[in-house]
Amino acid sequence: IFFYSGTFFNWNGVKGLYQAYLPWFKTGSEGHGHQKPWYYWLRLIARYEWPVLAGLVLCLFSVRFKNVALRYLAIYSVGTLIAYSIVKYKTPWCIISFIWPFTFSFGAAVLLVPLTYKRVVYLVSAILLTGSLGYCVWLNYFRCTTETEPYVYVQTYNDVYKFTDPLLQLAHSDPRAYQLIGHIIRASPYPLPWMLDDFGRVGYYEKDNLPAQVDADFLLVQQDKIATVEAKLHDSYYTFPMTIRPYQDPSKAYFNAKIFKSFFPGRWPDFTGAEPTPAPSPSPTK
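For our numbering, add 156 to where a residue sits in the sequence shown, where the first one is 1.
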């Protein structure tokens with residue numbers, strides 16, 4: 157209260173103690189496009205997190221746990237899962253916030269079962285861990301952009317490398333390329349601002365904003381802006397369509413033919429802008 161009230165000179169500031177959480181309560185209750193059914197987490201756990209699933213099953217028998225700490229952990233983990241299931245807003249990356257206690261329950265299985273079943277527990281644990289590891293490798297290295305995988309959620313497509321690879325390769329061979337001029341003319345261009353962070357002369361333009369000089373060394377233009385941008389271009393460019401991520405309008409990439417010719421061998425520029433209108437000659441003075 158001392159700090160929120162501005163050392164007792166701004167009592168309206170105390171409202172910030174609860175007002176700061178109102179947007180989160182609204183997001184959690186409405187979903188904002190990310191609403192999922194209550195069993196969404198169970199479906200993810202059953203598909204990807206087999207050791208966690210085993211830990212969840214063990215938690216159902218928590219009343220038989222003699223260890224008080226394990227019993228408390230089981231009650232806490234199941235209660236947290238129920239709370240997250242009630243909230244309508246659900247995205248896969250939230251799962252890491254509440255599944256970790258189940259891994260402790262899974263690990264404690266070797267201490268809870270009778271000695272006569274220890275070998276069975278070791279075998280089942282090894283199968284679950286190996287299967288989970290295999291699925292992890294398969295998902296992260298081979299199906300990381302496959303939309304049928306529930307864990308792949310608004311994931312950047314590999315298309316983005318068609319745009320960034322020529323830039324990064326050129327910059328690695330000639331650091332002066334970090335000073336190339338680029339225009340990213342589209343809404344929500346992420347993750348490009350991170351991937352092109354070392355390029356100091358890249359501009360990002362959303363809505364109806366356009367650079368004063370549209371011609372550049374490279375451009376990425378949202379589909380509904382292509383006609384407007386091409387009407388203002390004068391140089392020659394290699395082009396190709398691309399999509400950064402799901403639920404987003406496609407884009408068109410432009411690479412200036414003078415600079416990126418070596419990246420498109422045996423290919424003529426796909427687009428050449430109109431010749432600039434020459435400035436009128438000044439009338440002769442009499």
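C-beta: ideal position from N, C-alpha, C; glycine also.
Item	Value
Can you look up Thr395 in the DSSP assignment and give me helix, strand or coil?	strand
What does the alpha-carbon distance come out to for the pair Asp354 and Tyr334?	7 angstroms
Thinking C-beta only, is His339 closer than 8 angstroms to Pro322?	no
Taking the alpha helix (DSSP H) that Leu200 falls in, what are its first and last residues?	196-204
Would you say Ala264 and Ser281 are within 8 angstroms of each other, going by their C-beta atoms?	no
Please look up how many angstroms separate the CB atoms of Ser241 and Trp197, rounded, as I've assumed it's under 8 angstroms.	6 angstroms
Tell me the rounded alpha-carbon separation between Pro347 and Phe319.	12 angstroms
Is the beta carbon of Tyr291 less than 8 angstroms from the beta carbon of Tyr204?	yes
Roughly how many whole angstroms lie between the Cα atoms of Leu285 and Ala343?	42 angstroms
For Ile400 versus Tyr313, is the C-beta distance shorter than 8 angstroms?	yes
State the beta-bridge partners of Ala443 as determined by DSSP.	Examination of residue 443 is not possible in this model, given that the chain is present from 157 through 442 alone.
Tyr361 bridges to which residues according to DSSP?	Ile341
Per DSSP, what are the beta-bridge partners of Asp245 in this structure?	Per the sequence shown, the amino acid found at residue 245 is Tyr instead of Asp. Tyr245 is bridged to Gln191.
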